[in-house]
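In the UniProt record's numbering, the protein residues as written are 1 to 541.
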Amino acid sequence: MPAEGLPRASRIDSEIEAVFESCTNRYYRKNRHISLRDTYNRAVEKLCTSCVFDDDTGAPITFILDETIAIPTFRQFSYWYGKQKRAKSDAQARLGDAKFALRSRARLSFAAQDNENAGGRYVIDSTKLDVNLVARHDRRVFIGTPVLYVVVDEFTGLIIGFSVSLEEASWLAAGLAILNCLEDKSDFCRRHSIEIDACVWATGGMMPMRFLFDRGEARGDLASGFVAKSGIIVENTGAWRADLKGVCEKRFDLINCALRSELPGARDKDSGKRGERDPREKAVLNLDEIVRILVFAIIHLNGRELTDFRQTRAMIADGVPPISSAMWEWAVATGRSALQRFEPDELAVALMPMETGTITAQGVRFKGLYYTGDRAEAENWFAMADAPGFIRHLSLSYHPLLADAVYLHIPGEKKALQAVLTPYSQSWSGMSFDEIEATRRAKRISANGRQLDQIEKRADFRNQVQHVLDEAARERLGNLRPRDLKDARTNKALEREDRRLEARREMRSQIGGQPIPARGPPAGVSQGDASADDLGEGMIE
């Protein structure tokens, strides 16, 4: 029964249900900014009012259809909506697939439920650091924000490694963070003038079973080559499932929050809005200094208590505090670890892109450069390059930023062989492959600009040669006969003596001496006295 003084609610008939259906489809389903209450209001407006347009002004005139109409309540509308079983499909249509998968799906499990070991899975992701930087050599030069990569152990939440650079998010930049995971952190910190005990960040020398990426840099041949060379599994999150690497996303938030409150030049969500000061004007740190600050921030976060972290029953039973570094030490000490030993050079080669090189007589040819190695020379690869049955093509890894060396993969062998530039290609030493290609492209462009000049020079050469030939042909009455060829030695000796005399006469005139009188053919010159190196020797019958 309705409250005293309130009208009785209407009975929901097919007409009202049709209006509810129409308004829900038109407004609620298609516009995420319209709430269920707004949709109800529009449905009631459609049931109770109508609109006509003034014939003179064209202005809309709204009026009530029936003063005695029973208006359905919001409770009735909500009850009808619940019976339709369409909340999930409407939420997906309103939010889109990405946000629905992230916000409105069922959450009956968590990302790390299948991982019960330290090193079972490392999660890696990147973000723009919320700190503006200046150049190392001149603090008056603004260079913007760097890209931060963080690698987090999913089981303990420990930050294993990181990299911060000016490289955009890519496989190359991710590789720097992966290499940092393997690096001894005491040595790494010492290079940045920071002294720490080895036990504070004891993660060096070990790699996980799997890396989890977010369908970005780890999709393609580079990641496939890394898996083939290292044996480490690379996984990608499902589409629109950033929550699967929430342990990494939370570390970004903690790092940025810590930096925003401490550093000048840090930006926040209000940066750039009207009336706000530009944080770029306060930038004072360079990249090397932000690396040092990040080391301190990561050590702090690794030792921070995580009140909401999901600990295993064994952790709780052993009294392990919810601190990432403590959980990591406990997991390693109790054998709950899936870590594997790796050599830094082996991992570095595994992270490099792979292509194919060709063994030639000049060396291993790759991108127009030639490489050689001790084993290749000892086994005479280059001497046998053209031998039948010799395998001339082999896979190699290379670093895009340095062309000085490549790493050859011999079938059946695990370790790659280093090959360095041959003396022929040493002029490209110290350059990246992009720089080499840019230099070659510039040379081609420059040569193309000189093409007409080269054509003119070639044409002029041919024309000059033809002119000389034409003059010589006019002075000779006909072709030489066989009998004209048999005295070639004698004729050559006479011609040579004549030209020597002419040369002496010219030299004497240049130094101011008396002229040498012209003489006839030397007496006593016979066919046997002529030079024996003439191609015309011999008699032609």
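Quick reminder that beta carbons are idealized off the backbone N, C-alpha and C, glycines included. Treat the numbers as computed from the prediction; the structure is a model and nothing was measured.
Residue i: first and last residue of the uninterrupted alpha helix (DSSP H) it sits in
i, result
"W287", "Position check: residue 287 holds Leu in this sequence, whereas Trp was assumed. Here the alpha helix (DSSP H) through L287 covers 287–302."
"D374", "374–378"
"H33", "That residue, H33, is in no alpha helix (DSSP H); it is neither H nor E in DSSP."
"D97", "87–99"
"V332", "324–333"
"L494", "488–510"
"D221", "221–230"
"Y81", "74–83"
"V19", "14–23"
"A266", "Where A266 is concerned, there is no enclosing alpha helix (DSSP H), given that its DSSP letter is neither H nor E."
Rounded straight-line distance, which links the Cα of residue j to that of residue i
i, j, result
"I298", "Q418", "35 Å"
"S224", "A118", "24 Å"
"R94", "A43", "19 Å"
"E262", "I255", "11 Å"
"V349", "I233", "16 Å"
"F20", "Y28", "11 Å"
"E377", "Y371", "11 Å"
"Y81", "A87", "8 Å"
"F252", "I290", "15 Å"
"I316", "F155", "14 Å"
"L108", "L133", "With a pLDDT of only 47 at L108, under the threshold of 50, the placement of this residue in the model should not be trusted; the figure read from the coordinates follows. Approximately 43 Å, taken between the alpha carbons."
"E116", "D187", "30 Å"
"E475", "A385", "54 Å"
"L222", "L394", "17 Å"
"R504", "A459", "36 Å"
"V164", "L287", "8 Å"
"D534", "K486", "Since pLDDT at D534 reaches only 47, below the 50 mark, its modelled position is unreliable, and the value read off the structure follows with that caveat. Answer to the nearest angstrom: the Cα atoms are 12 Å apart."
"S89", "R304", "41 Å"
"I323", "L172", "31 Å"
"residue 563", "E497", "Residue 563 lies beyond the stretch modelled for the chain, which goes from 1 to 541, so this question has no answer here."
"D31", "K85", "The question names Asp, yet the displayed sequence has Asn at residue 31. Going from the Cα of N31 to the Cα of K85 covers about 19 Å."
"residue 555", "R139", "Since the first residue of the chain shown is 1 and the last is 541, residue 555 is not available in this structure."
Per-residue burial, residue i [other beta carbons within 10 Å of its own, 16 or more giving buried]
i, result
"H409", "buried"
"C181", "buried"
"residue 549", "Nothing about residue 549 can be reported from this structure: the residues present for the chain run from 1 to 541 only."
"C248", "buried"
"R440", "exposed"
"K415", "exposed"
"M327", "buried"
"N463", "exposed"
"T68", "exposed"
"D318", "exposed"
"E195", "exposed"
"Y424", "exposed"
"Y407", "buried"
"P72", "buried"
"D130", "buried"
"V52", "exposed"
"K83", "exposed"
"L285", "buried"
"P264", "exposed"
"I16", "buried"
"D13", "exposed"
"S325", "buried"
"A177", "buried"
"M352", "buried"
Residue i, enclosing beta strand (DSSP E) - first and last residue
i, result
"P344", "Note, P344: premise wrong, no beta strand (DSSP E); alpha helix (DSSP H) at 344–351."
"T358", "354–360"
"F366", "363–366"
"E235", "233–236"
"F468", "Sequence check: residue 468 is Val here, not Phe. No beta strand (DSSP E) holds V468; the alpha helix (DSSP H) holding it covers 451–475."
"residue 564", "Residue 564 falls outside the range modelled here, since the chain spans only 1 to 541, and no answer is possible."
"Q426", "Looking at the DSSP string, Q426 is not in any beta strand (DSSP E), and its letter there is neither H nor E."
"A405", "402–409"
"A317", "Counting along the chain, A317 falls outside any beta strand (DSSP E), though it belongs to the alpha helix (DSSP H) covering 313–317."
Whole-angstrom C-beta distance between residue j and residue i, which should lie under 8 Å
i, j, result
"D114", "D214", "Contact flag wrong, Cβ pair sits at about 18 Å."
"L347", "M207", "7 Å"
"F433", "P400", "5 Å"
"V295", "C189", "6 Å"
"T422", "R392", "Actually they are not in contact, since the Cβ atoms of T422 and R392 sit about 17 Å apart, beyond 8 Å."
"residue 571", "F162", "This structure gives no information on residue 571, because the portion of the chain shown stretches from 1 to 541."
Near the ligand MG: residue i beta-carbon under 8 Å from a heavy atom
i, result
"D404", "In the structure on display, the ligand MG does not appear, and there are no ligands present to speak of."
task = Mind listing, in chain order, the continuous alpha helix (DSSP H) runs of no fewer than 4 residues lying wholly within the region 150–216?
result = 171–182, 185–191
message = Restricting to runs no shorter than 3 residues, where is the beta strand (DSSP E) found entirely within the region 111–143?
response = 122–128
query = Which full runs of the beta strand (DSSP E) of 3+ residues lie inside the region 36–71, going along the chain?
reply = 49–53, 60–64
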